[in-house]
Structure formats: structure tokens, C-alpha cells
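Notes for the one structure printed next.
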Amino acid sequence: MSETRKRVAILISGGGSNMLRLVEDMTDADHPAVPVLVLSNDANAAGLARAASLGIPTAVVDHRAFADRPAFEAGLQAQLQQAAPDIVALAGFMRILTAPFTEQWAGRMLNIHPSLLPKYRGLHTHARALEAGDDEAGCSVHEVTADLDGGPILGQARVPILPDDTADTLAARVLVQEHRLYPAVLRRFACGDRRRLDLSPDGNLS
1 MSETRKRVAI LISGGGSNML RLVEDMTDAD HPAVPVLVLS NDANAAGLAR
51 AASLGIPTAV VDHRAFADRP AFEAGLQAQL QQAAPDIVAL AGFMRILTAP
101 FTEQWAGRML NIHPSLLPKY RGLHTHARAL EAGDDEAGCS VHEVTADLDG
151 GPILGQARVP ILPDDTADTL AARVLVQEHR LYPAVLRRFA CGDRRRLDLS
201 PDGNLS
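Going by UniProt numbering, the residue at position 9 of the sequence shown is 9; the numbering climbs one at a time, nothing skipped.
The structure is reproduced here in C-alpha cells:
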């Protein structure tokens, strides 16, 4: 099956916990995809060492080394072209990507976001859910477009908001679901299946 597996590049900015879950899932010989690159905008991102320890090629394109966003994205694109991925998975990549860049990867780039989109695009999602008095929160995997956190939703996982929740405790419970949802969506996406997945807190998929 290795000759037909989709090539996946994963972009990170930090510890890479979602990246690790994707990579762990792809160690399955029957998985339809294989990791070919972990790329970060931060040379100190802990996820780089974790990926390297698993034998995955890594690269750094530091956004601070470029005069502007288009130049930075040209650096990203150069690294991606060398790796020749079929799919690009953003996993805690904390840089906003412009329309010219996302259009090059239209239909081939995924992101995981810690809210039940379309609610709470952008940052501080858990605090915003608590401030709004919501009774549930969660995460979404979506295709990346020029519309920030606005691409087609491929899957969601929900968790109840508890009376004593803080942004940190809620984030920790949502992260557990992120680690379940993203690998499941990537498996299907790599097979060309874009049907939406919904994940319950016990891990069951529909």
C-alpha cells in the first residue's frame, strides 16, 4: 500500500501534540497516508524534536527572518514543494495564511480549531465560550481557505461545559477530543471522503 499512500506535511508552531497523534495514527500499515515533513515557523518548537525522534524530516521557516508575509509564505512553499505533499495539515500553526498561499493548496489543506465553528473563530475560544454562557464547546476540523477558520467543516467533537470550568480546564477536555477527531478526519480525507464526522465525548464516530 505504501506506493499509493497520500503524502502529508504537518505545520506546527509549538509542542505538536496534534501532530503526534496524526503521526501515531499513520504508523498503521493500512493507513491511507504517510507523514513526509513536519514544518515549523519556530526553531524552538518542541514538536520538531519529537518528529525527528520518530524519523520524520523536519524544517524551519522562521517568519521573523522575512520582511513580509508574502516572502515568508514563499519560504513555506519552497519547503513544501521539496516534500511534495498531497495534503497539508495545520496542527497548532499560529500564523495566518493569505489567499494566494491557501489557493495553491485549495482542497488539500486541513486545520483543527478549538471551537464549534462557525462560533469563535480566531483566538481565546474557550474563554469566549464561557463568557457567552454556552453549555457546550468542542473542536472542528475544516478545509483551509482564505476565510480565517471559515472553510468547509469536515468534523466536530463536542464536550459539555461544566459549572466550575475555567478556560484551562475546558481547553484540556477539548484537547482530548482534538486528538481523537483529527486523525479520524485525516484518514477519511486521504481516501477522498469529505463527509462530515461528528465525534461524541466517548470517542464514537458518526
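Even for Gly, the Cβ is constructed at its ideal location relative to N, Cα and C.
(1) Whole angstroms is fine: what's the gap from SER53's alpha carbon to ALA67's?
(2) Determine the DSSP secondary structure at GLY55, reduced to helix, strand or coil.
(3) In the structure shown, what three-state DSSP assignment does ALA43 receive?
(4) Apply the 10 Å Cβ neighbour rule to MET1 and answer buried if 16 or more other Cβ atoms are within range, or exposed otherwise.
(5) Once you ignore the five residues that flank LEU148 on each side, which residues in its own chain have a CB closer than 8 angstroms to its CB?
(6) Return the CA-CA distance between MET19 and ALA91, expressed in angstroms with no decimal places.
(7) Going residue by residue through the segment 72 to 129, where are the continuous beta strand (DSSP E) segments of at least 3 residues, counting only ones entirely within it?
(8) Rounded to whole angstroms, what's the CA-CA distance from PHE101 to ARG158? Just pull it up for me.
(9) Measure from the alpha carbon of HIS63 to the alpha carbon of each residue in GLY55, ILE56 and PHE72, then state which is nearest.
(10) Measure the C-alpha to C-alpha separation of GLY16 and THR169 and round it to an integer number of angstroms.
(11) For ALA74 and GLN104, what's the separation of their Cα atoms in angstroms?
(12) Quick check: the Cα distance between VAL141 and LYS119, rounded to an integer number of angstroms?
(13) Within a Cβ cutoff of 6 angstroms, which residues of the same chain sit near PRO35, ignoring the five residues on either side of it in sequence?
(14) Give the DSSP-derived three-state secondary structure of ARG7 in the structure shown.
(15) Roughly how many whole angstroms lie between the Cα atoms of ALA129 and PRO163?
(16) Excluding the five sequence neighbours on either side, which residues of its own chain have a C-beta within less than 6 angstroms of the C-beta of ALA33, listed in chain order?
(17) Which whole-angstrom value is the C-beta distance of ARG187 and GLY155, which I expect to be below 8 angstroms?
Working from what's here:
(1) Here residue 53 is taken as the residue at index 53 of the sequence shown, counted from 1. Here residue 67 is taken as the residue at index 67 of the sequence shown, counted from 1. Between SER53 and ALA67, the C-alpha separation is close to 32 angstroms.
(2) Along the sequence shown, one-based indexing puts residue 55 at 55. Judged by DSSP in its simplified three-state form, GLY55 adopts coil rather than helix or strand.
(3) Translated into the one-based positions of the sequence shown, residue 43 becomes position 43. Coil at ALA43, not helix or strand.
(4) Within the sequence shown, the letter at position 1 stands for residue 1. Note that MET1 scores a pLDDT of 44, beneath 50, so its modelled location is shaky and nothing firm can be said.
(5) On the sequence shown, position 148 is the one that residue 148 refers to. Result list for LEU148: ILE96, ARG121 and GLY122, in chain order.
(6) Counted from its first residue, the sequence shown places residue 19 at position 19. Counted from its first residue, the sequence shown places residue 91 at position 91. When rounded, the distance between both Cα atoms is 6 angstroms.
(7) The qualifying runs are 87 to 90 and 109 to 113.
(8) Translated into the one-based positions of the sequence shown, residue 101 becomes position 101. Translated into the one-based positions of the sequence shown, residue 158 becomes position 158. In this structure, the CA atom of PHE101 is about 31 angstroms from the CA atom of ARG158.
(9) For the purposes of this step, residue 63 is identified with residue 63 of the sequence shown, where counting begins at 1. HIS63 has its Cα closest to that of PHE72, out of GLY55, ILE56 and PHE72.
(10) Against the sequence shown, residue 16 aligns to sequence position 16. Against the sequence shown, residue 169 aligns to sequence position 169. GLY16 and THR169 have their C-alpha atoms roughly 19 angstroms apart.
(11) In the sequence shown, the residue the question calls residue 74 occupies position 74. In the sequence shown, the residue the question calls residue 104 occupies position 104. Answer to the nearest angstrom: the Cα atoms are 11 angstroms apart.
(12) Here residue 141 is taken as the residue at index 141 of the sequence shown, counted from 1. Here residue 119 is taken as the residue at index 119 of the sequence shown, counted from 1. Roughly 13 angstroms separates the two Cα atoms.
(13) Residue 35 sits at position 35 when you count from the first residue of the sequence shown. So the list reads VAL8, VAL23, MET26 and ILE56, once near-sequence residues are dropped.
(14) Within the sequence shown, residue 7 is the residue found at index 7, counting from 1. Strand, per DSSP.
(15) In the sequence shown, the residue the question calls residue 129 occupies position 129. In the sequence shown, the residue the question calls residue 163 occupies position 163. Each residue's Cα considered, the two are about 13 angstroms apart.
(16) The residue given as residue 33 occupies position 33 in the sequence shown. In chain order, ARG5, LYS6, VAL8, MET26 and ALA190 place their CB closer than 6 angstroms to the CB of ALA33, counting only its own chain and leaving out the 5 sequence neighbours on each side.
(17) The count along the sequence shown starts at 1 and reaches residue 187 at position 187. The count along the sequence shown starts at 1 and reaches residue 155 at position 155. In fact, because the Cβ distance is near 11 angstroms, the residues do not count as touching under 8 angstroms.
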